[in-house]
Each structure stands twice: as C-alpha cells, then as structure tokens.
C-alpha cells in the first residue's frame, strides 16, 4: 500500500512538473502565432515595412518557443502511458480519439507549414507565405480546442458508459466533446494565451521605449499590445466569472476550496479575501472577509445559502491551501492586467502612450504576468479536481502505472535536470533575442540569402543591415 | 460481414510508425553523423537540409503514440510501462536534439554544446527506439490487462543488438539523404560514409533476422512454415535488390537512388517484423482485437483519419517540394 502511494505521488509530481513547463509554451505560441498572422496581414495590406520588421523579430522568438513546446509536448503524449497506464487503458477509448484528432488536424498543420513560414518567404512568395503563417496560427487554435475538450471531459465527464473491462465507452461524441465545462474552459484558455502574449509583446515594446531604441517599431508593438490588454482583460474577467459559476454547478468542491469555505453558510457566505487555510482545523486562519459577498458573486443573492466542504466526505476533499492561493494569484494578476489596460487607455487619451515612463516600467514588470496567471489558473483547476483523474469516476490513486517507484523517481530527476538546462537556455536565448531589436535588425527574408552564422554581429550582418529599412518588399 | 475496424486501425498505426521511422530516421541520421563532419560549414548545411521538415517528421511519432492510445488503449497501457526506461531515454534524446535546431544558431560560445546535444540526442533517441523495438519483439508479459514484468526486462542482448541496428540504419538514411541534398566535398564524404553504413546495415539486418526466429516458436513457424515461408524467401531477395541499387546508386552518382533504396531496406525490415508479429499487438499474448478500443472509438477516429491523412500527405509532399533540390549553403532564416 505504502509503495503504490509512493509511485502515485512521484507520478503526480512528474506530471505536474512536465505539464507546467509545457503549458508555458502553448500559452505563448497560441497568442504569438495569431500576432504574427496579424502582422503579416497588415504588412500585405498597408505595405508598411514596420510590420515586416516586427514579423521577422517575433518570428525568431516564436521559432525558439515553438521548438520548446514541441519537445515538451512529445513528452506529454507518452507520459499518459508511462506513468498513468491504468488511466490510459480505461479512459483511452474516450480521450484518445480526441487527442488523435488533435494530431491529425492541428499538429501536422502546424509542423507542415512551420517550415514554410520560417524558411520559405523567398521560395513561395508573400501570399502563399501568409497562408502558411495563417495555417500555423489556425493550427494552434485547433490544437487548443481538442486538448481542452480532453481536459474538460476529465473535469466534467459526459456522453459515456462503462464496459465490463472497466473502460469508459463513448456513447455520444457530441456530448463527450461539448461537455458542460468545455466552452468556458476553451474561451478562458485562449483569452489567457492572447493576454499572455500581449503582455510579453507589451513588455518588450515598453523596454525598448524606455531605452529609446528603434522607436517606431517599439511604439507600434507597444500600442498593439496595450489595445489587446485594454480590450481582452475585461472580457477575460467576465469569462472567468462565467467559468467559475459553471464550476460551482459541476465541481462544487473545487469552488469551496477556491473560496476557502470549509463550513456551509446557510444564510449568505462571506468572501474571504485573504487568510491561511488550515485543513487540519477546517477553517481559514486570520481571514479578512467581506460579509455576504461570496453568495452575491456565486449566487447573485446576498443571503443565498452556500454549501461548504463539510458536505463532502473528508477523503474526497481537494487540497485547499494550494487552490485557495493559486486562485488568488490568478485573479489578482487578472485585475492588474485590467489596470494596465485602463492606464494605457488613459495615456492614449492624454497622448502620452509613448512617453509615459511609469506606464512603460509597469508594463515591463508585468511582462511575465500572463505566464504566472496561466500557471496559477491551471493549478487551481487541476489540483481542484483531486482526488480524481476523471471527476467523480476514476480516482488518481487508481490511475497510476504498475511501475516501481525508483523508475518514476529516476525519470523525474532526469526530467527536472534536463528541463532546467534546456528550457533555461531557451529562456536565456529568447530574452537575448528580445533585447536585440534596435542594434541588429533582421534582414528581410525576401532580400535573398541570409547569413547562417547565428545571431552574433558579423560581416554578413553588416552587409545586410543597410538594405533592411528602405527596401521594397516584394520579391516577385 | 462487418468491417474489421481493429484490423484497419492496425494497418493505419503500422503506416504511421513506418512513416515516422523513415522520415525521422534520416533527420536523426543527420545528427548521428554530426561527429564525422567537424567543419562548422558542413554542419550548418546538414542541419539546414532538414530544418524545415524535421518537425513534421516527428509529428508521426506523436500520431503513433496518440493513435495507439486512441485505438489500442490496452496495448498502449502495456507497452509504455514495459518500455519505461528506453522511452524516457528517447524522449530526453528528442528534447536535446529538437531544441538544438534553434539554439545552435543563437550562440557562438555555446555552439559546441548544442552540436553535442544534437548529435548525442539523435544517437540516444535512435538507440532507444531500437531497444524498444527489440524489447517488443522479444515479448512482454501481461497479467490482468497490465504489464507484469520488472523495469529492467527490456535490457537483453537482443534488444542491444536491435538498438545498434537502428542506429546504423538511421546513419545510412542520413548519409544517403546528404548525397541527395548536398554538393561538393560534403556530398563526397557522405558517399564514403553511405558505402560503409550500407554494408553495416545489411549485416545488422542479417543478424537481427537470423536471431528473431529463435526467440519464439511462433516466429520460427512464421518464417519457415507454409505458406508464410513464401515471404521469408521474397523478403531477402528484395533486400538484396535494394542493396544492389544502393551500391550502384552511390557509385553512379544518381543522387536520389541511394536514399530511395535505403528507404526500401527499411520498408522491408519493417515488413519482416510485421510477418513475425501478426496478429499480435503485444506479443506473445495480446492480439489486435484484444487491444482494440470499442467500435464507437474506432469508427469516430477512422472517419477523420480517412479524410485527413491524405490531406496531410499532400501538404507534407508540398512542404518537401518547396524545399526541393540541393541545399544552398547560404540559405536559412536565422
């Protein structure tokens, strides 16, 4: 018994670690792929070189991030089998085909057109090249759709039966895919990806504005990013609220943990702003609360009764403290994003969007906010569904592979070392690429051959630098 | 008679895995050959010859894994724990070589590190795949729908042999790819390497083929019993034909011929394994039909696969077509 618990815990840590690393890259590349498509469309439409410069700048960063996403994603597709083989056997008939569709409709599309997008402008011409960029962006969105259908089904399973071997059998694919939480989750995640990218792009633009380098390109990207933040942050807060109500309906224990409601509140529940959840004593210590607000938010009625974790058996409680805090981190960052958006709107109105140092500093500071919020959000929803892998149907402890704990431990250590090495280096290179914009502009792809000597300034770079700005951009 | 969905799916998964082996085979081969090309300029060209397509090649591996989970969940849930260590090693190898495609161009000081990551990662991934193949061929014990062995069972002399066989075979694919895609001294060197690796590949195929029938009575029966013995006559003859085409191709400087002949060798080797295996998904006890998901899963994904796989093949061919011809040493996007 103790041994199997050990392997389960190690497998959980391994999954949490690898999936947390992985989600960073899709969160970034979904938004960035769409941004690249918009930039290239603007370039084709307005014939303004600034958009091609920005496209080339962000394309290189996209390539590095996408590469990291691919390799960490391959790990995920095999980890279901290595560490969660019982889950794979049982849930495979339902989630497997959805993941199969993800590969067939999205991964091949992205991979097939990525090469053309990165290497092919002078080989296929601008219009076909734009098609490739569009396909890559489209592929990232299709991929998000399928994988969120899978995740949502595990959270709010529907449309299935069971066979004698204990497998989940799909009965109605429409219900499987459009399970109760799917639309909320998909919208919330895609908006989160767009916000994440907007804040990264905004931070890079703001940083270059503070350094007063490449002002036109920096202004353009900063302004585009701030429009995105202004428009999407409030929509995201509404979407998040709707998602929360959906969760209350289908996974009440998760919301109880998010809100810190150990006890039921028969006549109006308070909103606990902060406090220290104490699962041993089943209460939140040092709570700062606003009376009745939780009932108002969740039930739109000040005095509505709200059930607490005391209505659920102890052994089915999710871990409260983690969820309580990760939820607050996510919401707090969401409102901070809204604040930046409104601030930028005010500066825009005043005509100081390009010159407000304080806004720029705040935007630089908020650059990683999207990643943190995405991680916090996923921690909330994934830890919140414990102790189940398939909510209400299959326990996590019953999902794990019959594999010895030392094997899981050894692979976990290997993953930790390799991920920190590899993705640490990648992050370093991306930051360096972000810094590079003013001094070392990307040569136009359709200008012809490009040096292959890496990013360091060299003779070839110097030879191209002169052509980069004033040139016309149609190779054909 | 109802349509035999598990059989159709076994064929599709087999196709996906074969597509993976021959496509990622040559780009892993490029990495395996890196140590033999110390010149930076050669390495740049080698890497650029596969940079636009490697990601698509590797997607077939995801389809093989994801497809197995979708349509043969029982096989997936048995094979992956049984091959735990080689699969983790393969994944780690693929991580290193995958990021090297981007990182290598982003640093001068650290370039040697990513050269090693590319070469070492490719070799590790290839070797692990070979070991996994050998471990699967030698059989996996199953009790109560689950893997029933220990976590070192995959390590045997036979699996080590198949590990080296795949490593050598991928090096052959990589070198013949270079003959096709490069010019000058680089192509000449690739010719020399191809000449050696093709003899080594034939030897490795011979050793593994002679070893396999003696692993299990079933395999022996397949290869020397009637009527399947017809195949055991045909396959070696075709292998010999490919071998001749390989040699003449390398000598005659018809630059695509050696690569195509090397692909032929892989297809034949793969067919040989298929002959041994059928109808098992996990030898010696789980058949295609035991492992299959319910028909509602199989038919749902089949509709998509029948429409989408041809489309995928079309735009994959298109992507290769865009980057056809010899690699321009000045080209790249970096």
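Protein chains in written order, with our numbering: chain A, 1 to 476; chain B, 477 to 810.
Even glycine gets a Cβ: it sits at the ideal position worked out from N, Cα and C.
{"Item": "Grab me the residues of residue 393(A)'s own chain with a C-beta within less than 7 Å of its C-beta, minus the 5 sequence neighbours each way, in chain order.", "Value": "157"}
{"Item": "Does any CB atom of chain B fall closer than 9 Å to the CB of residue 78(A)?", "Value": "yes"}
{"Item": "Which first and last residues belong to the beta strand (DSSP E) in which residue 270(A) is found?", "Value": "It is not in any beta strand (DSSP E) - residue 270(A) carries neither H nor E in the DSSP assignment."}
{"Item": "Use the C-beta contact count for residue 377(A): other C-beta atoms within 10 angstroms, 16 or more gives buried, fewer gives exposed.", "Value": "buried"}
{"Item": "What's the call for residue 162(A), buried or exposed, on a 16-neighbour Cβ count within 10 Å?", "Value": "exposed"}
{"Item": "Is the number of C-beta pairs between the stretch 499-510 of chain B and the stretch 533-543 of chain B that are closer than 8 Å three or more?", "Value": "yes"}
{"Item": "Please confirm whether residue 567(B) has its beta-carbon closer than 9 Å to some beta-carbon of chain A.", "Value": "yes"}
{"Item": "Shorter than 9 Å from the beta carbon of residue 777(B) to some beta carbon of chain A?", "Value": "yes"}
{"Item": "Sorted by chain position, which residues of the same chain lie with C-beta nearer than 6 Å to residue 206(A)'s C-beta, five sequence neighbours on each side aside?", "Value": "222, 360, 363, 364"}
{"Item": "What in chain A is Cβ-close to residue 622(B), meaning under 9 Å?", "Value": "85, 86, 89, 401, 402"}
{"Item": "Taking Cβ positions, are residue 37(A) and residue 113(A) nearer each other than 9 Å?", "Value": "no"}
{"Item": "Along chain A, in chain order, which residues have C-beta atoms closer than 7 Å to that of residue 627(B)?", "Value": "403, 404, 407"}
{"Item": "Is the CB of residue 447(A) under 9 Å away from at least one CB in chain B?", "Value": "Residue confidence is low: residue 447(A) scores 34 on pLDDT, short of 50, so the model does not pin down where it sits. Its coordinate-derived value is still stated next. Not closer than 9 Å to any Cβ of chain B, the Cβ of residue 447(A) fails to qualify, so no."}
{"Item": "Taking C-beta to C-beta, are residue 39(A) and residue 54(A) nearer than 9 Å?", "Value": "yes"}
{"Item": "Take residue 324(A) and list the residues in its own chain whose beta-carbon comes closer than 7 Å to its own, dropping the five residues that flank it on each side.", "Value": "257, 258, 260, 277"}
{"Item": "Helix, strand or coil: how does DSSP classify residue 513(B) here?", "Value": "coil"}
{"Item": "I'd like to know whether the C-beta of residue 531(B) is nearer than 9 Å to at least one C-beta of chain A.", "Value": "yes"}
{"Item": "Taking beta-carbon pairs under 7 Å, can you tell me which members of the stretch 33-59 of chain A lie near chain B?", "Value": "none"}
{"Item": "If you follow the beta strand (DSSP E) that residue 289(A) is in, where does it begin and where does it stop?", "Value": "283-290"}
{"Item": "Determine whether the Cβ of residue 397(A) lies closer than 9 Å to any Cβ atom of chain B.", "Value": "no"}
{"Item": "Once DSSP output is grouped into helix, strand and coil, what is the label at residue 705(B)?", "Value": "helix"}
{"Item": "Residues of chain A with a CB under 7 Å from the CB of residue 560(B): which are they?", "Value": "82, 403, 407"}
{"Item": "Considering only DSSP beta bridges, list what residue 161(A) is partnered with.", "Value": "169(A)"}
{"Item": "What separation, rounded to the nearest whole angstrom, lies between the Cα atoms of residue 541(B) and residue 330(A)?", "Value": "34 Å"}
{"Item": "Quick one: what's got a C-beta closer than 8 Å to residue 248(A)'s C-beta in the same chain, skipping five residues either side?", "Value": "255, 298"}
{"Item": "For the stretch 635-661 of chain B, enumerate the residues whose C-beta is nearer than 8 Å to any C-beta of chain A, in chain order.", "Value": "none"}
{"Item": "Anything in chain A within Cβ reach of residue 689(B), meaning under 7 Å, just list it in chain order.", "Value": "Under the 7 Å cutoff, chain A gives no residues; its nearest Cβ is about 29 Å from residue 689(B)."}
{"Item": "If residue 752(B) sits next to residue 618(B), beta carbons under 8 Å apart, how far is it from one beta carbon to the other, in whole angstroms?", "Value": "Actually they are not in contact, since the Cβ atoms of residue 752(B) and residue 618(B) sit about 18 Å apart, beyond 8 Å."}
{"Item": "Who are the near neighbours of residue 708(B) in its chain, counting only those whose CB is closer than 6 Å to its CB and skipping five residues on each side?", "Value": "699"}
{"Item": "Using a C-beta to C-beta distance shorter than 8 Å, which residues of chain B count as neighbours of residue 414(A)?", "Value": "564, 568"}
{"Item": "Below 7 Å on C-beta distance, what does residue 477(A) contact in chain B?", "Value": "No answer is possible for residue 477(A): it lies beyond the span of chain A, which begins at 1 and ends at 476."}
{"Item": "In the DSSP assignment, find the unbroken beta strand (DSSP E) run with residue 757(B) in it and report its ends.", "Value": "756-758"}
{"Item": "So, is residue 629(B) buried or exposed, given that buried needs 16 or more other C-beta atoms within 10 angstroms?", "Value": "buried"}
{"Item": "How many Å lie between residue 401(A) and residue 556(B) at the Cα?", "Value": "9 Å"}
{"Item": "Go ahead and label residue 706(B) buried or exposed: buried means 16 or more other beta carbons lie within 10 angstroms of its beta carbon, across all protein chains shown.", "Value": "exposed"}
{"Item": "So does the stretch 330-339 of chain A actually touch the stretch 276-295 of chain A, counting three or more Cβ pairs closer than 8 Å?", "Value": "no"}
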